[in-house]
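A.B. asks: Just so you know, the sequence shown maps onto residues 705 to 1610 in the numbering used here.
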Amino acid sequence: MSILKIVEENRVPILLAEIGAYLHDLGKATKDFIEGNSKEAGNQRPSHTPPKLFPDELRKILSEVKIDVLNEKASIMDFIEHHHNRELETVPKLVALISAVNNGFDGIDSGVDKGKVESKQSKEHTFISSAFGFENYKIEIDEIDRIKEEMYRKIEEHLTRFQKSSNDIETLYKVIFCTKKYYLLFLGETRRPANDVTLWDHSYSVATMMKCAVAQEFLKPENTFDPLHFDWKVFAVNFDVLGLLTKGIKIGDIKGYWKSVEKIFEEVKKMIEVTYPIGNEIFRDTKGIYFLTAAVELHELKEEILKKIRGIEPEIMACITEIPLETKIPPEEQGDRKTIEAKKKELLLKSIPEARKKALERVSFPAYSEGFPCNEFGPENNKEVCPICRLRTVERGKEICNHCLNRRTNRSQEWQMDPKSSIWIDEISDHNDRVALVVGMFKIDEWLNGSFIQTLTFNEPSTENASNPRNNDVRKHPSPARIRRVWETTEEFIRETVFKGILNNYEYPALRKQRIELEINPNPKVPEGSTCDISISGVRFSPVCVDSVRGLFVTTINLEILSKFGKTVKEIAEALSGQNIKLKTEPEKSWRDFRIAKAKPADDKYQDYLPYIKIYDFPDQFMILVPAYETLDIAEKIVEEYERQFSKVRDRLPLHLGVIAFHRRTPLYVVMDAAKRLLKKFESSKTIVVDVERVEDMKDPISGMSKKLLLRVNKRRIPLKWVVSYSTKDPDVEDLWYPYLRLCNKGKPNRKLCLDYTGNGNYVVHIKEIKEGDELEIEPSYFKLCYIEEASDRFYVDENLKFLDDIHEIQNLWKIVERKLRSKKWTISQLYAFLEELEKIKEYNGETFEQFLRSSLINILDLDDSSNEYNLLKTSVEDSLFELCLYWNLQVRKEKIGKGDQNESL
705 MSILKIVEEN RVPILLAEIG AYLHDLGKAT KDFIEGNSKE AGNQRPSHTP PKLFPDELRK
765 ILSEVKIDVL NEKASIMDFI EHHHNRELET VPKLVALISA VNNGFDGIDS GVDKGKVESK
825 QSKEHTFISS AFGFENYKIE IDEIDRIKEE MYRKIEEHLT RFQKSSNDIE TLYKVIFCTK
885 KYYLLFLGET RRPANDVTLW DHSYSVATMM KCAVAQEFLK PENTFDPLHF DWKVFAVNFD
945 VLGLLTKGIK IGDIKGYWKS VEKIFEEVKK MIEVTYPIGN EIFRDTKGIY FLTAAVELHE
1005 LKEEILKKIR GIEPEIMACI TEIPLETKIP PEEQGDRKTI EAKKKELLLK SIPEARKKAL
1065 ERVSFPAYSE GFPCNEFGPE NNKEVCPICR LRTVERGKEI CNHCLNRRTN RSQEWQMDPK
1125 SSIWIDEISD HNDRVALVVG MFKIDEWLNG SFIQTLTFNE PSTENASNPR NNDVRKHPSP
1185 ARIRRVWETT EEFIRETVFK GILNNYEYPA LRKQRIELEI NPNPKVPEGS TCDISISGVR
1245 FSPVCVDSVR GLFVTTINLE ILSKFGKTVK EIAEALSGQN IKLKTEPEKS WRDFRIAKAK
1305 PADDKYQDYL PYIKIYDFPD QFMILVPAYE TLDIAEKIVE EYERQFSKVR DRLPLHLGVI
1365 AFHRRTPLYV VMDAAKRLLK KFESSKTIVV DVERVEDMKD PISGMSKKLL LRVNKRRIPL
1425 KWVVSYSTKD PDVEDLWYPY LRLCNKGKPN RKLCLDYTGN GNYVVHIKEI KEGDELEIEP
1485 SYFKLCYIEE ASDRFYVDEN LKFLDDIHEI QNLWKIVERK LRSKKWTISQ LYAFLEELEK
1545 IKEYNGETFE QFLRSSLINI LDLDDSSNEY NLLKTSVEDS LFELCLYWNL QVRKEKIGKG
1605 DQNESL
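In structure tokens, the structure reads:
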């Protein structure tokens, strides 16, 4: 019998075993667990395993649902009740697979530090921390019972429904994913700093290992049920996501391709986790989706997946990457269970980085054709090739092939279900017809492999233990759950902070979020959800058809661009009524004459849309289109939140940001290619050395107890200004676990709070003990601000990167310039004169340049060389920030401040 058939026929016991492992710590989602582990409770720790913790009906169903794997039986309640039982002979063999006493999956995931943390939280100040020490969620004691009871009802409901229909796999699968939101609100361990791993992270990691083991037991029935006898592998489906998106000319093409990517991920995930339950997803990025699976041959599954991908989007060249995680134990160590467990854990920790590295090699230099069916694209027949897919032919009189046209149309039709969003680039453009692509990337490789996790501590370092590489009582230890928590934290920042927090709540002028309904005569017969191009009084835009019978359209353009017709949505609508227009539909190449019979403000459901378009989001990356005029304000808000939430680790967890502005008519493949090049540059960033110039104590109203650092970087004139917090959300507790910085020099420093995090003389020192004159290693965060005027500009986008901190510098410089212009101390003509002179003196170096610069600042900008403004502008010119500030604000944003001044345009 085939492997897939065996797994499919045993789906129920595999998924039930996964659920049993997932629910093993259900007793921790209680008020008793939080209060009993608080500092007020003293040394007593309540048990979270007794069945009496649960209501009668839930306890009953947990006991009734039985799992049978090769005649080894257990109930779900057995997993809860017995996973800490030290009398292994009384524990069901299935439960023993997760038992920490038996070197099981619960222990493999928990790590050695969990039982040794000492800092209990107060029950009134019990917080869940991010992976990086930011305590952003408080567990409210009074809310626990309500959350717990709601979760219990979900579990009971789905298990009961399954009991009544044992073939209802979808219901069984929901037990885990319908309870995820509740598990995220509880902790597996409440003591700091182990409060970084939620109940979800730990339980899902244990459940994944259990699922793989049981699947392997069915496929290789050795009947040992020993957790150390099972191996895993990473099974990844890889393809170049960015390369696919870069093919799009219009936003509909890119969003259509992205929908295909999402569907592929969804379908592959369902195949591996439900249809043939052999593993679970552990990561995804722009190179594919990664699963931890049983260590068995999966050739049939590969063929099924590639076939599925071809059915969704045949243009995608997918490949399967497999990384075996097999434990090779020397004969002399085969009886040492702790050694075997340690080696298995080490392999698990390396799994994601190694798989990503392998995927990058295969996707960057493809030498495979297994996923590319050339025969599906038909003969050329002397026809033009579609400019989007570059594979199919284009029918006479049309601009793109039917397949790519359908992709655009489908996106428009889906938009009608959620018109508060936007998929139209004309709506995103600012009043100058300009858009910006914001690219963000966390560099998390050293966190995913566990290296930087060991720069954190779980107990306060002491003089005696700081330099002992074998002493495990200080360094925080990586675990599968903690690694998962790392990328879930960055993912949460992107989804919750960037998209829901900043972009959804950004305040725009009211006019730019409004739409107008147009009735066009004669009816151009455009299908609903499709757009047409309109030219009216020199302005072109593309309204979408919302009623093909009546010829009704809704504008998909920023109404600020139409402000020459009026200042309000009503005035613009009145001015458009009766206008003669030129119109052409999507497949056509020629313009025809039409008339706007009537225009009025669109219905409420079309108003107050959000003027941004998400291109994609992954745990470590995101791309969004936003109005160019507001882009730097949005970017600064992202940076401010990054500085707040990642304050304690910003030296080890860089966030790179790129802002690529362009005219709304620029082909998007040019912009996407520029973004791809910029991301490649960000990925290649290296560690740098900085000098601590100044250390100041400060108490920030947001970050609490903090240190302000001025860091000098090589020849840069403006220092980096960092605020590093060492507070927790408990006002009486300092953070002694996260805010450590890496010293350059090897050898133990004369500091109390320090730690050799590699065992090779590489020390980190707590922020409280950083001194002026220290040399630190940091992973720099970079920033790029540019405008794509010509297609060739994309080839230079990866040059002259700035530091992320420079966003603040540029914004502050513009405030000075704006103040000077408004007070009429400067004019825009003066600023252009200064820029012209600056361009001339750039050919000089050293003292000569300094003298010419001083002369220009004094004579052209009328600055006193003893003033703070003079010094600030001088250093900003030397660091190339002042010129960038003026370029961005005067030429890209086209700011006009000062009567009679007109900006030169690009």
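In this text, a Cβ means the ideal position worked out from N, Cα and C, and glycines have one as well.
What's the gap between the Cα of Arg1174 and the Cα of Pro754?
C.D. replies: Since pLDDT at Arg1174 reaches only 47, below the 50 mark, its modelled position is unreliable, and the value read off the structure follows with that caveat. The alpha-carbon atoms of Arg1174 and Pro754 are separated by roughly 37 Å.
A.B. asks: Output needed for Arg1094: all residues of its chain with C-beta closer than 8 Å, excluding positions within five of it in sequence on either side, in chain order.
C.D. replies: Counting only Cβ-Cβ distances below 8 Å, and skipping sequence neighbours, we find Lys951.
A.B. asks: Below 8 Å on the Cβ atoms is my contact criterion, and I expect Leu903 with Asp729 to pass it. Report the Cβ-Cβ distance as a whole number of Å.
C.D. replies: The pair is a contact, with the Cβ atoms about 6 Å apart (cut-off 8 Å).
A.B. asks: Who are the near neighbours of Asp813 in its chain, counting only those whose CB is closer than 8 Å to its CB and skipping five residues on each side?
C.D. replies: For Asp813, where only same-chain residues beyond five positions count, the Cβ hits under 8 Å are His906, Ser909, Val910, Met913, Ser1183, Pro1184, Ala1185.
A.B. asks: For the alpha helix (DSSP H) containing Ser814, name the first residue and the last one.
C.D. replies: That run of the alpha helix (DSSP H) goes 809-814.
A.B. asks: Taking all protein chains shown into account, decide if Pro717 is buried (16 or more other Cβ within 10 angstroms of its Cβ) or exposed.
C.D. replies: The residue in question, Pro717, is buried, as its Cβ has 16 or more Cβ neighbours within 10 Å.
A.B. asks: My output table needs one value for Trp1441: the three-state DSSP class, helix, strand or coil.
C.D. replies: Here Trp1441 sits in coil by DSSP.
A.B. asks: Work out the CA separation of Asp1337 and Asp1251 for me, nearest whole Å.
C.D. replies: The straight-line gap from Cα to Cα measures roughly 38 Å.
A.B. asks: Given a cut-off of 8 Å on the beta-carbon distance, is the pair Ile986 and Leu996 in contact?
C.D. replies: In contact: Ile986 and Leu996 (Cβ atoms closer than 8 Å).
A.B. asks: Determine the DSSP secondary structure at His1135, reduced to helix, strand or coil.
C.D. replies: Coil, per DSSP.
A.B. asks: Give me, in chain order, the residues of the same chain whose beta-carbon lies closer than 8 Å to that of Tyr841; leave out the 5 immediate sequence neighbours on both sides.
C.D. replies: Only Phe831, Ile832, Leu889 meet the Cβ criterion.
A.B. asks: Considering only C-alpha positions, which residue in the set Pro1226, Asp944, Ile1317, Trp1295 is nearest to Thr1260?
C.D. replies: Comparing Cα positions, the closest option is Ile1317.
A.B. asks: Which partner residues does Asn1225 have in the DSSP bridge list?
C.D. replies: Answer is Arg1299.
A.B. asks: Report yes if the CB atom of Lys1352 is closer than 8 Å to the CB atom of Ser1429, and no otherwise.
C.D. replies: Contact flag set, yes.
A.B. asks: Please tell me whether Ala1306 and Glu1221 are closer than 8 Å, where the distance is taken between their beta carbons.
C.D. replies: Contact: yes.
A.B. asks: Does the ligand SAH have even one heavy atom less than 7 Å from the beta-carbon of Lys1274?
C.D. replies: Of the ligands one can find in the structure shown there are none, so the ligand SAH has no counterpart to examine.
A.B. asks: Indicate whether the contact test is met: 3 or more Cβ pairs, each with one atom in the region 1349-1367 and one in the region 1140-1155, closer than 8 Å.
C.D. replies: Contact between the region 1349-1367 and the region 1140-1155 is present, because at least three Cβ pairs lie under 8 Å.
A.B. asks: Mapping the DSSP letters down to three states, classify Ser833 as helix, strand or coil.
C.D. replies: Three-state DSSP puts Ser833 in a strand.
A.B. asks: Pick helix, strand or coil for Tyr887, following the three-state DSSP scheme.
C.D. replies: Helix at Tyr887.
A.B. asks: Express the C-alpha separation of Ile1027 and Phe939 in angstroms, rounding to a whole number.
C.D. replies: Taking the straight line joining both Cα atoms gives about 7 Å.
A.B. asks: Mind checking whether Asp736 and Pro750 have CB atoms under 8 Å apart?
C.D. replies: Yes, these two residues count as a Cβ contact at 8 Å.
A.B. asks: Just grab the DSSP bridge partners of His1367 for me.
C.D. replies: Per DSSP, Arg1138.
A.B. asks: For Val769 and Leu1413, what's the separation of their Cα atoms in angstroms?
C.D. replies: Near 58 Å, if we compare the C-alpha coordinates of Leu1413 and Val769.
A.B. asks: Alpha carbon to alpha carbon, how far is Ile1056 from His862? Give it in angstroms, no decimals.
C.D. replies: If you take the alpha carbons of His862 and Ile1056, they lie about 32 Å apart.
A.B. asks: If we ignore side chains and look at the alpha-carbon of each, how far apart do Lys937 and Ser834 end up?
C.D. replies: Taking the straight line joining both Cα atoms gives about 28 Å.
A.B. asks: Apart from the five residues just before and just after Ile851, which ones in its own chain have a Cβ nearer than 7 Å to its Cβ?
C.D. replies: Closer than 7 Å at the Cβ level, and outside the excluded window around Ile851, lie Tyr886, Leu889.
A.B. asks: Measuring straight from C-alpha to C-alpha, what distance separates Lys915 and Ile1206?
C.D. replies: Rounded to whole angstroms, Lys915 to Ile1206 spans 39 Å at the Cα level.
A.B. asks: DSSP state of His786, grouped into three classes?
C.D. replies: In this structure, His786 counts as helix in the three-state DSSP scheme.
A.B. asks: Return the first residue and the last residue of the alpha helix (DSSP H) that Val711 is part of.
C.D. replies: Note, Val711: alpha helix (DSSP H), 707-713.
A.B. asks: According to DSSP, is Ile1129 part of a helix, a strand, or is it coil?
C.D. replies: Note: Ile1129 maps to helix in three-state DSSP.
A.B. asks: Would a C-beta distance cut-off of 8 Å place Tyr1328 and Leu1287 closer than the cut-off?
C.D. replies: Per the sequence shown, the amino acid found at residue 1328 is Ile instead of Tyr. No, they are not a contact pair.
A.B. asks: Here's a check: name, in chain order, each residue in its chain whose Cβ is nearer than 7 Å to the Cβ of Gly1604, leaving out the five neighbours to either side.
C.D. replies: Summary for Gly1604: the model assigns pLDDT 46, below 50, so the residue's position carries little reliability; its value from the coordinates is reported in the next sentence. So the list is empty, once near-sequence residues are dropped.
A.B. asks: Between Arg1199 and Leu1539, what straight-line distance do the alpha-carbon atoms span, to the nearest angstrom?
C.D. replies: Straight-line Cα distance between these residues: approximately 40 Å.
A.B. asks: Taking all protein chains shown into account, decide if Arg1498 is buried (16 or more other Cβ within 10 angstroms of its Cβ) or exposed.
C.D. replies: So Arg1498 counts as buried.
A.B. asks: Establish whether the CB of Asp1122 and some CB of chain D are separated by less than 8 Å.
C.D. replies: The structure shown contains no chain D; it is built from a single protein chain.
A.B. asks: Buried or exposed for Val1343, going by 16 or more other Cβ atoms inside 10 Å?
C.D. replies: Looking at its Cβ environment, which holds 16 or more other Cβ atoms inside 10 Å, Val1343 is buried.
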